[in-house]
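For what it's worth, my numbering labels the leading residue of the sequence shown as 15, then goes sequentially.
Data block below; observations after.
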Amino acid sequence: MRRESRPEKASIEEYNLKIGESALLERSSSGRQVYVVYAGMPSERVFSLAVTSSPDGHTGGYNLYLPATQRIVQLEESRLDVLHVTPEGIVFRCAGSRGE
15 MRRESRPEKA
25 SIEEYNLKIG
35 ESALLERSSS
45 GRQVYVVYAG
55 MPSERVFSLA
65 VTSSPDGHTG
75 GYNLYLPATQ
85 RIVQLEESRL
95 DVLHVTPEGI
105 VFRCAGSRGE
């Protein structure tokens, strides 16, 4: 599920994703898109984000496995400030390039 809002370049937006939901974080001048999908918590101390170039995750991508206490995640041109993470969902703010 891609978020439909389109913040201005370098703006900050808050996202609230449940497992399997995605958000478009970056769109480069070359047309490359970067989506993040919340992939849950494989353990109580670790959460996972899938980073891909399509909202359905059917293109090449990778998973990040991060400590549940981590509050800042840098993805290429975007910075995620993690506000809250549970096995069911994640809330974060994102500042970065979404050049359209």
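Where is the CB? At the ideal position from N, CA and C, for every residue including glycine.
| Asked | Found |
| --- | --- |
| Going by the CB atoms, is the gap between Cys-108 and Glu-27 shorter than 8 angstroms? | yes |
| Counting C-beta neighbours from all protein chains within 10 Å, is the total for Tyr-52 16 or more, i.e. buried, or is it exposed? | buried |
| Relative to the ligand MG, is the shortest distance from any of its heavy atoms to the C-beta of Phe-61 smaller than 7 angstroms? | Annotation note on the ligand MG: not contained in the displayed structure, which lists no ligands. |
| How far does the beta strand (DSSP E) with Ile-26 in it extend, from its first residue to its last? | 26 to 32 |
| Beta-carbon within less than 8 angstroms of Thr-100's beta-carbon, same chain only, minus the 5 sequence neighbours each way: which residues are those? | Met-55 |
| Can you grab the Cα-Cα spacing for the pair Tyr-76 / Ala-64, in whole Å? | 6 angstroms |
| Helix, strand or coil for Gln-84? Go by DSSP, reduced to three states. | coil |
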